[in-house]
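Residue numbers (the working numbering), protein chains in the order written: chain A, 45 to 242; chain B, 45 to 242; chain C, 45 to 242; chain D, 45 to 242.
For glycine and all other residues, C-beta sits at the position ideal for the given N, C-alpha and C.
It should be emphasised that the depicted structure is a prediction, and the values quoted were computed from it without experimental measurement.
Number of protein chains: 4
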Amino acid sequence: MKALSHPPEGELRERIDAAALHLFAERGAAATPMPMIAAAAGVAVGSLYRYYASKEELVSRLYAGNYAALAQHLDRVQQAQEGTRAKLAAMALFICRYFDDEWDLARFLLLEQHAGLRGYAGPANPIDIVERVIAVGIAAGDIRPIAPLVATAMVIGPIVQAATFRAYGRLRTPLGDIAEQIAATIWAAIAADQRGAQ
Amino acid sequence: MKALSHPPEGELRERIDAAALHLFAERGAAATPMPMIAAAAGVAVGSLYRYYASKEELVSRLYAGNYAALAQHLDRVQQAQEGTRAKLAAMALFICRYFDDEWDLARFLLLEQHAGLRGYAGPANPIDIVERVIAVGIAAGDIRPIAPLVATAMVIGPIVQAATFRAYGRLRTPLGDIAEQIAATIWAAIAADQRGAQ
Amino acid sequence: MKALSHPPEGELRERIDAAALHLFAERGAAATPMPMIAAAAGVAVGSLYRYYASKEELVSRLYAGNYAALAQHLDRVQQAQEGTRAKLAAMALFICRYFDDEWDLARFLLLEQHAGLRGYAGPANPIDIVERVIAVGIAAGDIRPIAPLVATAMVIGPIVQAATFRAYGRLRTPLGDIAEQIAATIWAAIAADQRGAQ
Amino acid sequence: MKALSHPPEGELRERIDAAALHLFAERGAAATPMPMIAAAAGVAVGSLYRYYASKEELVSRLYAGNYAALAQHLDRVQQAQEGTRAKLAAMALFICRYFDDEWDLARFLLLEQHAGLRGYAGPANPIDIVERVIAVGIAAGDIRPIAPLVATAMVIGPIVQAATFRAYGRLRTPLGDIAEQIAATIWAAIAADQRGAQ
DNA sequence: CATGAATGAGCGTTCATTCAT
DNA sequence: AATGAATGAACGCTCATTCAT
Chain A
45 MKALSHPPEG ELRERIDAAA LHLFAERGAA ATPMPMIAAA AGVAVGSLYR
95 YYASKEELVS RLYAGNYAAL AQHLDRVQQA QEGTRAKLAA MALFICRYFD
145 DEWDLARFLL LEQHAGLRGY AGPANPIDIV ERVIAVGIAA GDIRPIAPLV
195 ATAMVIGPIV QAATFRAYGR LRTPLGDIAE QIAATIWAAI AADQRGAQ
Chain B
45 MKALSHPPEG ELRERIDAAA LHLFAERGAA ATPMPMIAAA AGVAVGSLYR
95 YYASKEELVS RLYAGNYAAL AQHLDRVQQA QEGTRAKLAA MALFICRYFD
145 DEWDLARFLL LEQHAGLRGY AGPANPIDIV ERVIAVGIAA GDIRPIAPLV
195 ATAMVIGPIV QAATFRAYGR LRTPLGDIAE QIAATIWAAI AADQRGAQ
Chain C
45 MKALSHPPEG ELRERIDAAA LHLFAERGAA ATPMPMIAAA AGVAVGSLYR
95 YYASKEELVS RLYAGNYAAL AQHLDRVQQA QEGTRAKLAA MALFICRYFD
145 DEWDLARFLL LEQHAGLRGY AGPANPIDIV ERVIAVGIAA GDIRPIAPLV
195 ATAMVIGPIV QAATFRAYGR LRTPLGDIAE QIAATIWAAI AADQRGAQ
Chain D
45 MKALSHPPEG ELRERIDAAA LHLFAERGAA ATPMPMIAAA AGVAVGSLYR
95 YYASKEELVS RLYAGNYAAL AQHLDRVQQA QEGTRAKLAA MALFICRYFD
145 DEWDLARFLL LEQHAGLRGY AGPANPIDIV ERVIAVGIAA GDIRPIAPLV
195 ATAMVIGPIV QAATFRAYGR LRTPLGDIAE QIAATIWAAI AADQRGAQ
């Protein structure tokens, strides 16, 4: 009794995922009822449970999937560059653009960490990608010999913080517009050779 | 039937606040039911409402009050120092120790910004304090002429990110132990005079 | 785990309405919890909210809907008669029988006026119907030239009072049995021609 | 710690009763919390329970007490007159004025019948007073030989209905202004001698 | 398979009642 | 006697989950 060909159809699963993602980003996962997701996807509530055993699974699978995908993208971006500085700069630019282009998804992944990160043990992970590049950079003498995790916080922290500023209205510029400035500043922070900062 | 001669514990209000703070930090405010707070505080549900008119008020009063207090502390710390570098280093150290000493409170304030920052319009604000020091530092020529908000993200981001790493078990060291390393790195990132980074 | 093959009873909505009506009549709407209605209807609490958005809506829809229906019935009864006296007598008889036949509904509508009448602004309204017949009767010279509202109180008051006596056990006769006596007495009260009272 | 001589004092009991009565009339007993009564009376909540074992007792004692007092007044009014017609007219006038002068109390008695009349078994009772006068009147041949309770409904019903009209804004005149009209109409309804109606 | 009406545990909140002071 | 902070059962309502169709 729903409809014979209501939406352009497409796989139920994909419609559910897209609707859920959008709503989670807009309102937070906890504040999004399952019936609301079903309605947004043009699907019956019961159908949600054919693809996900519970709401928790929907949230965490959505989180983990996109988190891993982001890690893969980031890894490809890094591999496409030669040299620690170029790798880090490319990653910084990529993350900034990711926030600009995938605002909903990025907010869901990076700002709603309580629900998602708890118990995430996926194989690939954006943080690990960055940390590995840094470890290699330190070994190569490109980065000063500080604790790799501190250096990672130095790289990721400013970007996430800028995104947070943007999420709460403190910053109005697209992150892409300040990506190079951020990248340069980050490099100045950790580069072994200080002249490289200029 | 609760306690025989009197609550052996301290003031109800304080027990409520402490219990709420801990649970909010652990699970997020949205995911913490009032009955759970009451149970953790060893108090009846109704008693929560003698001190706070609603859950929302409990969350936002806890947030706003401590957020403003943190800002004041931070301002005093900054004023006690001479020179941009010393001010920033002292602030970085203070925030790191704040995380170590007031783990619950700091996590609640700095990691759960969704619930708290929405509609926070307090007069003092930790971010503003840092941003002002940076603006003065730029004017004084101590900091390179980058956008103050970017520099602020550069200062706060790494610390918050390190705290996040610690909250999710990635980092095990107390933040105080790496505070100087963080401060030095931050300074290297934004200092006008690159030799100052060493 | 409730029923094996299906509710053996009728439509949920009707069961809810009937249960609510009975309880409202017996104890008053304010003193009737939603869970009590659900239990009486043999339905889960949540199901109440599929049909009514709130308790207030349940009360007022039940009230308004039946109040308007009663007004329509009363109007039809009145139109079927010729002459003021016959119209009033028919209405009196109808209301008396209404109390006898729809005891719960009539008590709810006519005795619990607090919750229901507040803000009721329906188009049709039993009081208005009676008042209009009386106004016409006065204009026709059938009824003495008293204030129409006083005459209306004269017509409705005794019936409602008799119903109240019955509700509190003072009167045991069905109202239908004394309807003609009441109608005759009412007519004696307001008729222009006193011989008409006999 | 409350106050040394806050209000002009006076017996606690009386202050409680007065405050409760006013609030019950204004908002209904069910919607009036005990703490609100205590605050209005300038008394601690606990003190309410020194005088009344429960809220229910407070409501019903207040109801019964005033109900009985009204009955006594009505009886005195009736006794002060000679003849059935004069007795009924005086009672009608008294009840009308009672509504005008003691609006709160009258509303409480009239509209809170669920809470009050349920199980009221007081010795004196306004209805009984009226019914007795009518029974005597029938025996004396002043009133037509109809069922006394029907005649009682005939006398009380119109007045209560007029008061209800007034409570809900349909009638704006003070009841005292239409008391004689009501009394005359009532008499016309039940008088044995129809010429008496004029 | 997909549906969506039905469920009921659990939420935030209120308030009649108690009891140490 | 009087107090009022503390209690906790019960309220109106939500929503993750199930299952007959």
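Alpha carbon of residue i to alpha carbon of residue j, nearest angstrom
i	j	result
isoleucine 234 (chain B)	aspartate 237 (chain A)	15 Å
arginine 151 (chain A)	arginine 94 (chain D)	59 Å
glutamate 146 (chain A)	alanine 97 (chain A)	27 Å
alanine 134 (chain C)	glutamine 122 (chain C)	7 Å
alanine 108 (chain B)	leucine 154 (chain B)	12 Å
isoleucine 230 (chain B)	valine 199 (chain B)	6 Å
aspartate 61 (chain D)	glycine 90 (chain D)	15 Å
methionine 78 (chain A)	glutamate 224 (chain A)	41 Å
histidine 117 (chain A)	glutamine 125 (chain A)	13 Å
arginine 71 (chain B)	lysine 99 (chain B)	15 Å
methionine 80 (chain B)	alanine 74 (chain B)	12 Å
leucine 132 (chain B)	tyrosine 142 (chain B)	15 Å
alanine 69 (chain B)	glutamate 156 (chain B)	8 Å
leucine 106 (chain B)	leucine 114 (chain B)	12 Å
alanine 183 (chain C)	alanine 82 (chain D)	55 Å
arginine 129 (chain C)	arginine 176 (chain C)	13 Å
threonine 76 (chain D)	valine 103 (chain D)	10 Å
arginine 59 (chain C)	leucine 67 (chain C)	12 Å
aspartate 221 (chain D)	glutamate 55 (chain C)	52 Å
glutamate 101 (chain B)	threonine 217 (chain A)	33 Å
tyrosine 111 (chain D)	proline 167 (chain D)	10 Å
Three-state secondary structure (DSSP) of residue i
i	result
alanine 75 (chain D)	coil
alanine 88 (chain C)	coil
alanine 97 (chain B)	coil
alanine 130 (chain A)	helix
alanine 233 (chain D)	helix
alanine 64 (chain B)	helix
glutamate 156 (chain B)	coil
glutamate 55 (chain D)	coil
glutamate 146 (chain A)	coil
alanine 136 (chain D)	helix
glutamine 125 (chain D)	coil
Test item: CB-CB of residue i and residue j under 8 Å
i	j	result
valine 204 (chain A)	glycine 201 (chain B)	yes
proline 181 (chain C)	isoleucine 190 (chain C)	A small fix is needed here, since residue 181 (chain C) is glycine in this sequence, not proline. Their beta carbons are not under 8 Å apart, which means glycine 181 (chain C) does not touch isoleucine 190 (chain C) by this criterion.
alanine 227 (chain D)	leucine 137 (chain D)	yes
alanine 85 (chain B)	alanine 63 (chain B)	yes
leucine 219 (chain D)	cysteine 140 (chain D)	yes
proline 192 (chain D)	isoleucine 178 (chain D)	yes
Option nearest residue i by Cα separation, candidates the options
i	options	result
leucine 65 (chain C)	C:Arg210, C:Gly220, C:Gly127 and C:Asp148	C:Asp148
alanine 197 (chain C)	D:Pro192, D:Ala207 and D:Thr196	D:Ala207
leucine 92 (chain C)	C:Thr76, C:Arg57, C:Ala115 and C:Pro192	C:Arg57
arginine 248 (chain A)	A:Thr217, A:Thr76 and A:Asn169	Lying before the first or after the last residue shown, residue 248 (chain A) is absent from chain A, which here runs from 45 to 242.
glycine 185 (chain A)	A:Ala115, A:Tyr212, A:Asp172 and A:Gly127	A:Gly127
tyrosine 212 (chain B)	A:Arg59, A:Glu101 and A:Ile171	A:Ile171
aspartate 144 (chain A)	A:Glu55, A:Arg210 and A:Arg59	A:Arg210
*Please specify which runs of the alpha helix (DSSP H), each continuous and at least 4 residues long, are wholly inside the stretch 167 to 227 of chain B, giving them in chain order.*
170 to 183 and 192 to 211
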